[in-house]
Amino acid sequence: MSRDMVMQTRDLVRHFPIGGKQKVHAVNGVSMEIAAGETLALVGESGCGKSSFARLIMGLDRPDSGSARLLGQELTQLRGAGLHAHRKAVQMIFQDPTSSLDPRWTAEAIVREPLDNYKVGTPDERRARVLDLLDRVGLGAHYAERYPHEMSGGQRQRLGIARALALEPRLLVADEPVSALDVSIRAQVLNLLCDLRDEMNLSLLFISHDIGVVSHVSDRVAVMYLGRVIETGKTFDVLNNPKHPYTSGLLEAVPRPHPSQRRERAPLDGDPPSPIHLPQGCAFRDRCPVAMEVCGRFTPALKPDAEGRIVACHHANPVKPELEPTHV
Amino acid sequence: ESVLKIRDVGDIQQMDPLLSTNYPMRDMSYLIWDTLFAVDANFEVQPQMVGDYSVSDDGKTYEFTLRDGLMFHDGAAVTTADVIASIERWMSKDSLGLQIKKRLDKIEAIDDTSWRIVLTEPFGQLLNGLGRMTAYPLFIMPERLAKTPIGEKLPDLTGSGPFKLADWQPGVVFAVEKFDDYAPRDEPPSNLAGGKLAKVDRIERLTIPDGMSALNALLAGEIDMLTGVPYDAIALLDGDDSIEYGPRPMLGQSVQIVLNHTQPPLDNIKVRQAVQLALSQEAFMLTLLGDHDELYEICPSIFMCGAPYATDVNSERYMTEDYEGAKALLKEAGYDGTPITFLHPTDQQFQRDMGIVLIDKLQKGGFVVDDRQIDLATMFSRRNNNGPVAEGGWNMFLTAFGGDAMMDPLTNPYVTGACENAFVGWPCDEELQANWNEFLLAGDAEARKAAAVKIQDRSNEIVTFVPMGQYSGVSAWSSKLDGLIQSPLQVYWNIEKSE
Amino acid sequence: MNSFVFKRLLSVVPVVLVVLVTVFLLLHIGPGDPAAMIAGENATREQIEEIRQRLMLDRPLLEQLWLYLGNVASLNFGESVYSGFPVMSLILQRVEPTAILAIYTMVLSILISIPMGVWAAWRAGTTLDRALVIASVIGFSVPVFVIGYALVEIFALRLRWFPVQGYKSLADGFLACIRSLTLPAITLAFLFSALVARIARATMLEVLSEDYIRTARAKGARNRRVLIVHALKNIGVPVVTVIGTSFAALLGGVVITESVFNIPGMGRLTVDAILTRDYPVVQGVLISFSFVLIAINLLVDLSYALFDPRVRQ
Amino acid sequence: MSVASITAPGKRGPEWLTIPVCISLFFLLMILGMAVFGPMILGNGNELNPMMRLKPPSAEAWFGTDNLGRDIFARTVSGARNSVIVGVTTAALVLLVGGALGVIAGYFHWADMVLMRVADGLMAIPGILLAIALVSLLGGGLVTVIIAIAVPEIPRTARLLRSVVLSIRELPFVMASVSVGSATHKIILQHIVPNAIGALMVQATYVCAAAVLSEAALSFLGVGTPPDVPSWGNVVASGKDYFRLAPWIIAFPGIMLSILVLSINILGDQLRDQLDPRLTKRRP
Amino acid sequence: MTQPFLSVRNLSVSFGANGEAKVVNGVSFDLEAGKTLCLVGESGSGKSVTATSLMGLHPAKTTRITADRMELDGIDLLSCDEARFAELRGTKMAMIFQDPMSSLNPALTIGFQLREAVFLHENLSRADQDARVLEVLQRVRIPDPERRMTSYPHELSGGMRQRVMIAMALICRPKLLIADEPTTALDVTVQAQILWLLGELQREFGTAIIFITHDLGVVAEIGDDVAVMYAGSLVEKGSVFDIFDRASHGYTAGLLSATAEFHPGQTASKRLVEIPGSLPQFSNLPQGCNFADRCAFAAPSCLDRTPDWREVAPGHVTSCDQPVGAFDAPKKETAR
Ligand SMILES: Nc1ncnc2c1ncn2[C@@H]1O[C@H](COP(=O)(O)OP(=O)(O)OP(=O)(O)O)[C@@H](O)[C@H]1O
Ligand SMILES: Nc1ncnc2c1ncn2[C@@H]1O[C@H](COP(=O)(O)OP(=O)(O)OP(=O)(O)O)[C@@H](O)[C@H]1O
Ligand SMILES: [Mg+2]
Ligand SMILES: [Mg+2]
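Residue numbers (the working numbering), protein chains in the order written: chain U, 125 to 452; chain A, -8 to 490; chain W, 215 to 527; chain C, 3 to 286; chain H, 12 to 347.
What follows is the structure, given as structure tokens:
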């Protein structure tokens, strides 16, 4: 496709074997793309495979099948030196700022680690760069000698951001970067992240289940349900005019910002099915208020509907009989 | 049912009296099997299973008849066939038996209870051999057992002795029961000879490795008798009326330092003599027995003091701990400090402690000692290696043999001088061999004694081994017991237990 | 569940193989020749060589290993090179005291240690709790034989409550048997209950700080009920685990205790056999020991299902 | 214990200096002093004196004498050195070998299978029996005893460390390190090992204590350290035949032995509590 | 004026043998029967400790609780001993916790744990107990309740577990339910279900609820009254509209504006409003107003002296020296 796609995945699949013949269908054929400079938010319920997907495109895990092109290179075929070189361009911010920092390393050592790994400049230059980075994430030079436990949660997450930015990546993956932080701190960190993104012209894959945050941060949204993307589109479009019944349910469930807007309808019922025993057909059909008979037979494909909105639902894209019967 | 519970040192791991010279096994074998002849308290050979016997005038033909009523535990009568098979098995193993076999013309049955042995030349040791007390005694087994090749397991343990096997769990217990059909001799018991009377219904020999536990068990009435009372614990017995104790068995045993004649530096006779000079029996005995000087003897004889061949000839060198003399002799021999590799088993208290004393003395005498600490099993295997030290050989170790073996030049392992065929240490000396042969062939007691003196003279000259003192073990028993027999062995018949 | 058991059993195979080969190599590579031991004090070299041949000790090592593995596979552990008794029968003779001693010790220790550990956790921070913690450290800091001798001195020699040494088999009556093993069992229980009490206390402390304990209290359950109904079952898994893993330590203790109290069990059989190089016996016994340990671990794993429903499927 | 070590460095309050810990430290220092200086002052206590056998404690022999007339005080003091050597060297050996194997098994899947099967096998043989067999195999001597005691402990330590490493390597900071391009060896040496050190140190104290006890047990069975290398274990063991006649042979070194093991264990417990995040960092 | 259903005056809680750590400091509030009070504040501000004090669930030895008054439905909670509290828990008041995964005993069946709540307080036959359990399970809309009774917690999803927790709390019809962040660990869709359920049950049983959360969205969803806590002290309380529309304390206002909210139909502004700094340590609370050093509108006086309570409107009080109008609460449009 177009050349300025930073990331592009096709039918990426990752199933974790869990003893016996069973497997967790964590990532179930995900196709997604991020353009240069774009922020894509990935939302979905707990366990729907968001982090697993992130690990795949970070090269921290290998897919069972499918392809992932990052910056024009096929990630699944990279090994050794190629993978090492590639890592430089894709960096990640982790959910838990505490456990993603080695408690025995000082702030400086943590931020320096990527620079050392890629031998960026001379040691002196690296040190200067570290201090610069710390400064940019709002940590003064006097934080350089501190250990993570001597910092607050927000400061730790800033440190994580500094590390991720040290190598000046093209794509940043942020896996729920603020959900472990306290409410009053979140805004600080989110603002910082967005500022840096804009300054450095980064592409950002922003994983979250907080619709409020997503609405602030992202250009586009991909909604995931049980290992599949079921709807993507411009943030405003998806949040204000959801096409998939699950997206509607999700938005409906978001607490209202003001007591005067209390919800009057009962929320979406039930839980997502187990990722071990996937149901036939559309994974959402058990909870879907508008499920049809065909939903139990065919898995809807993620395609543009009449309005050009991309959604995987039989209501939006009626099934044609000759379509492939569902696998999985 | 009266049960005699005894604890004896050691354990019975195997039961074939011709497989090894293990003392506990031999002592138990005497209960199960009977012998043709037996040694009495004066160390004279007396008929035991044999009723009558005669020797031809030329001293070459012997005729024997069994006593009446001898019977195996399975009810079969003892016959000539059993006897001949047993003798043949024995002759192929025992050293004296081999000497007899060398001179044997034939051995033949006369009838069911009598047989004849014809020799090629007169041999004064024949009866001694048939009545042998130690090494490999000649026990009479049923023919089917006696046909078992040595080294193969005996199919069962049937004998004709006063007791029969009841229970045997190696490491735990060896129990025998009274054999009701045993026909004892009429004479009073004397050492291994005379009437062997079973006065208890059952004898249980328990394995209790720890001497102190065993003593506690005796004090608590859990056992009736105990050999090898720890010397230092004797004091505990003094006040106790219900316990008696005394030195047993008679003659006791002696400590020996064994030297390897094939490897430097001990291949040098002067160096070996320096070893003699550096040692004295006093220190060893004191260490072993403490204040109990009634239990040991500083004995110059290599054939045990208090035994027929005792002599003090050529024993001066090992009686005084002359360190300076030792050093002088070493210098003379040109000893260059080559370490003496000493095999030192540390899993046995006796070996461990005596070894410590020995090393101490040798070092004071100017030797360099390489203290090789190992376990007993390793020593047993390593001492058979007559190669250089670098190839797993050795120079010296320390052991103890019972008086029963040491007292007789024919059973004393050290004095053959037979080079490769000698006991480990491999002393090789023609003169000593000649002396030994002289003893073997000596016609009467006087000639034997004279030969024994020559053996000791030569043996001490070339230092086949160094005797480090003679001492006695102590047994303790409940005063309920009566009728204990004095013997160089542990003899358990004739003991009575009152309730 | 069944496939779990099956898999667990299957995983035992490599363990057993490792045990077999280790034991074999240990004995055969080292010095010390059973032939020389069998031959006894004044044996000649020919006699020893003869015995070596009979025992096939002169064969190449690999051949011996192969023969040996073959024999074990057909459940033939061979015969003692000394007594000629089948190793199996020697083990069977000795298994009773050791088994009863181990079980007795376990029962005793569990009866002592779990209530103590639980109670200490409940009273955490008090002087009594500290005393118990110290006592348990002492329990596994004092050598087994020192405890053993002290107990003999007091209870056997002075008070005469128990025999000094020896073992009365079950055939002599249950009480006599238990009496003869009481001191050894107490000796070992020092070690074992110290280990278990520690874990019981630590996990109890942990469980008591769990959210579901708070839930139970918020429901209005009283202290004793919280402790017994809600907490106790949840310390099951770690406690059973420690019982399983310290069983090896217990067997080690058994070896020493059997020496102190002269109990004719497997421990002494092994030590004697190692010291006399009775290869088949050592191999047989060590293999049996390891089978027992493997079996115990298996039982431990299976018993998790008893305490933790999550394991059940 | 699993992620026990994931705590911050340098975070020590004085509250760990409890009374038992102080007492233990005092004893350990005393014992170390004995170990270092004792033999210099009193010799190694190997002088034989058959005339002074089994004398009870008195002015000239404070702790009495043994059956060879050796001075138990001198042997107790110089025994400190060897007991400490056995404990410390074994712990170091176990730590090094077991630690390395544990890290390898924990990090590399292929090694895990092999190493852990071997470890299971070795652990299925009661340690003391394995040690006896090893001593008989290797012959007596201090080094042998140390090896014999270490071998059965190694699989246990390797297993422990493996589980620690397994849990550490699942922590996000390891993943973070991978994603910033660190090489495997660097991750192991700079992230995993430093964070496993705490657990390893705790284990080391237990191994040290266990080694001292095992040496005593081996000596008791007659296969311990050689007699000319007095250790508390073999001094106690040499007194077992005399425990009614001369209880002092067992008593003094036995008490010292127990104190040493006790002190090490108490310190180990303290260290573990210190490193256990569940106890120190109850709440976020 | 009638006595409120729950009344707390000047509650302070400190931990440690000598009361070193004072984590709750002079908290006062009232709650009417059948109403919901939301306790808001950031992590570590003492919300749970306050609630747990009402339940008497703190270890007596290491906790020091002082208050001028602490009365529930006419019962003086301050004078209750452990036995009395055990009677009250479950019958008068009940509690559900944040983490439904760890709050149920993994070793016992759902049925057992529910039945126990009945068994502890009411003398019923086994069959009647079961009937009650079944009934309450149906109430909280657990599908297939008979089968669920024999299930273990791990066999249930998070939402189901939280329903079980609610069932367990309500089975003896307590007058007061304390819900300590019951939805924080749950997904939004499940959270919505649980909130909906709580609302229904409250209407049905007339239960008063203390709902602890730090999510203002949830407060907006279910709160009647709101009390905001900061660093162990109450900083503002009032009705839910008072708080959302007329926040007068710097912290409350900051919290409201810093929260990233989704407003349907609007393009979200790119930048959020930040509260600078972070929560102070309990060990060294600043002098004066705890929030002063983070407050955009702090006056010098705020740094010297703990501000007084003032009533900015009937029932709406704040502990701030510069309330209402002193600063222009960064407003967001509240589209009605
Ligand atoms: N290594 C693994 N082995 C087995 N199952 C796994 C593994 N990693 C993740 N899973 C399972 O895969 C599914 C997806 O997990 P993932 O962490 O990607 O979800 P998520 O969307 O990030 O959830 P959350 O919002 O809770 O972070 C879950 O059911 C999880 O249990
Ligand atoms: N048992 C205790 N001992 C000592 N300190 C405690 C104890 N329980 C709570 N604390 C401290 O009291 C303070 C308030 O804790 P609390 O649990 O009430 O916070 P919270 O507002 O509920 O926070 P969160 O939103 O994280 O649940 C915290 O600093 C906490 O560390
Ligand atoms: Mg995730
Ligand atoms: Mg809380």
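Glycine included, each C-beta is placed from N, C-alpha and C at the ideal position.
Identified DSSP bridge partners for residue i
i      : result
A/Q364 : A/H335
CB contact flag (residue i, residue j, <8 Å)
i      : j      : result
A/R196 : A/F165 : yes
W/V358 : W/T396 : no
U/D334 : U/S303 : yes
C/G101 : C/L163 : yes
W/L528 : C/L220 : Given a span of 215 to 527 for chain W in the structure shown, any question on residue 528 of chain W remains unanswerable.
A/Q254 : A/V454 : no
W/V421 : W/I413 : no
Cβ-based neighbour list, residue i, same chain, cut-off 6 Å, excluding 5 preceding and 5 following
i      : result
C/F29  : I261 and S265
C/L281 : Only weak support is given to the placement of C/L281: the predicted model assigns it a pLDDT of 41, under 50, and the question is left unresolved by the model.
C/V96  : A152, E155, I156, T159 and V209
W/V226 : I508
A/R491 : As shown, chain A starts at -8 and ends at 490. That puts residue 491 of chain A outside it, with no answer to give.
heavy atom of ligand 4 below 7 Å from residue i C-beta
i      : result
H/E53  : no
H/K58  : yes
H/D226 : no
Residue i CB to nearest heavy atom of ligand 6 below 7 Å
i      : result
H/D198 : Ligands in the displayed structure: ligand 1, ligand 2, ligand 3 and ligand 4; ligand 6 is not one of them.
Contact test: residue i Cβ vs ligand 2 heavy atom, cutoff 7 Å
i      : result
U/S308 : no
U/H273 : no
H/A78  : no
Own chain, CB closer than 7 Å to residue i, minus 5 neighbours either side, in chain order
i      : result
A/K155 : I23, H64, V167, E168 and F170
H/P15  : D41, L42 and E43
A/N259 : A324
Integer-rounded CB distance, given that residue j should sit under 8 Å from residue i
i      : j      : result
H/I121 : H/V175 : 6 Å
H/S64  : H/I76  : 5 Å
W/L483 : W/V474 : Contact doesn't hold; Cβ gap of about 16 Å is too wide.
U/G262 : U/L317 : Not quite, the Cβ-Cβ distance comes to about 11 Å (not below 8 Å), so this is no contact.
C/L70  : A/T278 : 6 Å
Proximity test, residue i beta-carbon vs ligand 1 heavy atom, cut-off 7 Å
i      : result
U/K145 : no
U/C412 : no
U/F408 : no
Closer than 7 Å: residue i CB and nearest ligand 3 heavy atom
i      : result
C/E172 : no
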